[in-house]
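Trainee: Each protein sequence line maps, in turn, to chains A and B.
Here the first sequence is numbered in my numbering, starting from 1 and rising by one per residue.
Here the second sequence is numbered in my numbering, starting from 1001 and rising by one per residue.
Attaching a single structure in structure tokens format; questions to follow.
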Amino acid sequence: GAGVSQSPSNKVTEKGKDVELRCDPISGHTALYWYRQRLGQGLEFLIYFQGNSAPDKSGLPSDRFSAERTGESVSTLTIQRTQQEDSAVYLCASSYQGAFTDTQYFGPGTRLTVL
Amino acid sequence: AQSVTQPDIHITVSEGASLELRCNYSYGATPYLFWYVQSPGQGLQLLLKYFSGDTLVQGIKGFEAEFKRSQSSFNLRKPSVHWSDAAEYFCAVGAGSGGYQKVTFGTGTKLQVIP
Chain A
1 GAGVSQSPSN KVTEKGKDVE LRCDPISGHT ALYWYRQRLG QGLEFLIYFQ GNSAPDKSGL
61 PSDRFSAERT GESVSTLTIQ RTQQEDSAVY LCASSYQGAF TDTQYFGPGT RLTVL
Chain B
1001 AQSVTQPDIH ITVSEGASLE LRCNYSYGAT PYLFWYVQSP GQGLQLLLKY FSGDTLVQGI
1061 KGFEAEFKRS QSSFNLRKPS VHWSDAAEYF CAVGAGSGGY QKVTFGTGTK LQVIP
């Protein structure tokens, strides 16, 4: 159907609070990726899902970060006890199967600001 | 591990002028190379990609890129820039990792177009 959607588009929170970011991938896409984009920097890989399993969590910066995915659908990225350095745009992407030649389609991102 | 360098943080060109954005990559095997564009408030959109074959790749919006293995480069070009091309451009290299695609992005080049 439509492209990748993410919610909320903007989130302002206080240091120490938990936040949940949501990603709806393109229907039928089994692969889902989360990235973080800090101001003035490139995209930083966080986690990869194939279906509802996460074979690569190597990019999660700390144990305050976790993610889950239900089936081949929605994914939620949770940041516990947020810190100011967590402020960034969080981007989600999906691809058909995660194969080497697949194109990743990106959502518009969630801009997180931690005060 | 693969890496991408975009040496130009910011480029300004006049509308109608030609454009070349530089990208150098590091990867031990045959790379999969991408250029994405990010317009303000929008997600990343794929401009073009290279996997194999002809080293000159045509993309959307009149963009093209040339893969030069000897120089480890994948520069993006456009013969005549339009004001709507003002955006941030990301070069990326993909690799097969554990049976799936893992993409590493450069830090981006911000393009300003002046009338």
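Heads up, the beta-carbon is just placed ideally off N, CA and C, and yes, glycines get one too.
1. Can you give me the start and stop residues for the beta strand (DSSP E) that A:Asn-52 sits inside?
2. Which whole-angstrom value describes the C-beta separation of B:Ala-1087 and B:Thr-1104, a residue pair presumed to lie in contact below a C-beta threshold of 8 Å?
3. Please name the residue or residues paired with A:Gln-6 in a DSSP beta bridge.
4. Are the region 35 to 54 of chain A and the region 15 to 24 of chain A touching by the rule of at least three beta carbon pairs closer than 8 Å?
5. Out of A:Phe-106, A:Leu-115, A:Leu-112, A:Thr-113, point me to the one whose CA is closest to A:Asp-24's CA.
6. What residue range is occupied by the uninterrupted beta strand (DSSP E) comprising A:Trp-34?
7. Which class does B:Lys-1061 belong to by DSSP, given the choice of helix, strand or coil?
8. Give the interface partners of A:Ala-54 over in chain B, defined as CB-CB distance under 7 Å, in chain order.
9. Do B:Leu-1021 and B:Val-1081 have their C-beta atoms within less than 7 Å of each other?
10. So, does the region 1072 to 1081 of chain B touch the region 1020 to 1039 of chain B, judging by three or more C-beta pairs under 8 Å?
11. Going by the beta-carbon positions, is the gap between A:Arg-22 and A:Ala-88 smaller than 7 Å?
12. For chain B, check one thing: does any of its Cβ atoms lie closer than 7 Å to the Cβ of A:Gln-41?
13. Is there a Cβ of chain B sitting closer than 7 Å to that of A:Gly-98, yes or no?
14. Would you grab the beta carbon distance between A:Glu-72 and A:Thr-103 for me? Rounded to a whole angstrom, and I think it's under 8 Å.
Mentor: Judging by the given coordinates:
1. Where A:Asn-52 is concerned, there is no enclosing beta strand (DSSP E), given that its DSSP letter is neither H nor E.
2. Wrong, their Cβ atoms sit about 20 Å apart, outside the cutoff.
3. A:Cys-23
4. no
5. A:Phe-106
6. 31 to 37
7. helix
8. Those do not exist, as A:Ala-54 stays about 11 Å from chain B at its closest Cβ, beyond 7 Å.
9. no
10. With a cut-off of 8 Å, the region 1020 to 1039 of chain B and the region 1072 to 1081 of chain B count as touching, because enough Cβ pairs lie within range.
11. No, these two residues do not count as a Cβ contact at 7 Å.
12. With respect to chain B, the C-beta atom of A:Gln-41 has a partner C-beta closer than 7 Å.
13. Judged by the 7 Å Cβ criterion, A:Gly-98 is in contact with chain B.
14. About 17 Å separates the beta carbon of A:Glu-72 from that of A:Thr-103, a gap too long to meet the 8 Å contact definition.
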